[in-house]
């Protein structure tokens, strides 16, 4: 395992429309010297995701479908001292690698960026504003997540019982384990799902899922609600 290097881990499933842009933006927005590898973890894509990622010199591995399973699989093979989990439709800010490495210390072993949507929607801008606040309620996977590999292993990674909300469950444990950092630069994430489902409607359902988790509902209950109200 190399010191002061990032392993970027991207879970994918049929992301041919976004994976090339993401990898190219990673190369443009980083120094590259700080990045050990880009690991694309495929969950059984049937489109050209694997071919595109391979042609762009990323390391492609296969895993059972499920974001928690895929990210854990990527972490297992990662060579870098710091893991950076990034969704396929989220673009990191410029010099993100240097900012992550500058932020990581013995006392601060995990963190995320603020977030903005690729949308002019005032409603989405309102909710994105809260990502500047360093509280677990304001966190989510779309903000990306960096963590030392040592701490990730110590916490046993993502809980694979969670088909959805795996980021929220893990971040909840992170806030208890370390001084979580929020870098004030913004990642840019796609508003595509909000545009498809309706911004208010989708945000409401995400809020219900968050509340269910706070009330102690099971991973299965969260997923059943997601299937009924968001997936379909």
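Numbering (this note's numbering), first residue to last: 351 to 582. Yeah, the Cβ is synthetic: ideal placement off N, Cα and C, and Gly gets one too.
Nearest neighbour of residue i, chosen from the options [CA to CA]
{"i": "residue 462", "options": "531, 520, 373", "result": "531"}
{"i": "residue 553", "options": "476, 355, 524", "result": "476"}
{"i": "residue 536", "options": "379, 511, 397", "result": "379"}
{"i": "residue 504", "options": "560, 489, 460", "result": "460"}
{"i": "residue 395", "options": "411, 579, 518", "result": "411"}
{"i": "residue 583", "options": "402, 469, 471, 464", "result": "Residue numbering for the chain in the displayed model covers 351 to 582; residue 583 lies beyond these limits and cannot be assessed."}
{"i": "residue 384", "options": "580, 434, 527", "result": "434"}
{"i": "residue 357", "options": "502, 571, 518", "result": "502"}
{"i": "residue 495", "options": "442, 478, 455, 526", "result": "442"}
{"i": "residue 386", "options": "367, 430, 518", "result": "430"}
{"i": "residue 415", "options": "401, 453, 391, 454", "result": "391"}
{"i": "residue 471", "options": "393, 482, 542, 577", "result": "542"}
{"i": "residue 589", "options": "373, 570, 456, 424", "result": "Limits of the chain in this structure are 351 at one end and 582 at the other, which puts residue 589 out of reach."}
{"i": "residue 467", "options": "449, 439, 448, 456", "result": "439"}
{"i": "residue 375", "options": "406, 522, 397", "result": "406"}
{"i": "residue 381", "options": "369, 367, 447, 418", "result": "447"}
{"i": "residue 417", "options": "527, 478, 518, 355", "result": "518"}
{"i": "residue 423", "options": "454, 506, 481", "result": "506"}
{"i": "residue 497", "options": "408, 567, 456, 548", "result": "456"}
{"i": "residue 354", "options": "401, 567, 527, 453", "result": "453"}
{"i": "residue 485", "options": "401, 525, 428, 432", "result": "525"}
{"i": "residue 561", "options": "528, 389, 575, 404", "result": "575"}
DSSP-derived helix/strand/coil call for residue i
{"i": "residue 355", "result": "strand"}
{"i": "residue 563", "result": "helix"}
{"i": "residue 366", "result": "coil"}
{"i": "residue 372", "result": "helix"}
{"i": "residue 557", "result": "helix"}
{"i": "residue 582", "result": "coil"}
{"i": "residue 405", "result": "helix"}
{"i": "residue 396", "result": "coil"}
Outcome for residue i when other beta-carbon atoms lying within 10 angstroms are tallied against a minimum of 16
{"i": "residue 515", "result": "buried"}
{"i": "residue 563", "result": "buried"}
{"i": "residue 420", "result": "buried"}
{"i": "residue 362", "result": "buried"}
{"i": "residue 444", "result": "exposed"}
{"i": "residue 474", "result": "buried"}
{"i": "residue 437", "result": "buried"}
{"i": "residue 546", "result": "exposed"}
{"i": "residue 557", "result": "exposed"}
{"i": "residue 483", "result": "exposed"}
{"i": "residue 307", "result": "The chain is shown from 351 up to 582; residue 307 falls before or after that span and cannot be answered."}
{"i": "residue 352", "result": "Residue placement at residue 352 cannot be trusted, given a pLDDT of 43 that sits under 50; what the coordinates show is reported in the next sentence. Result: exposed."}
{"i": "residue 372", "result": "buried"}
{"i": "residue 478", "result": "buried"}
{"i": "residue 578", "result": "exposed"}
{"i": "residue 539", "result": "buried"}
According to DSSP, residues forming a beta bridge with residue i
{"i": "residue 391", "result": "361, 411"}
{"i": "residue 385", "result": "356"}
Going residue by residue through the segment 425 to 467, where are the continuous beta strand (DSSP E) segments of at least 3 residues, counting only ones entirely within it? Qualifying beta strand (DSSP E) stretches, in chain order: 430 to 435, 460 to 467.
Whole beta strand (DSSP E) runs in the segment 462 to 550 with 3 or more residues, listed along the chain? 495 to 498, 531 to 539
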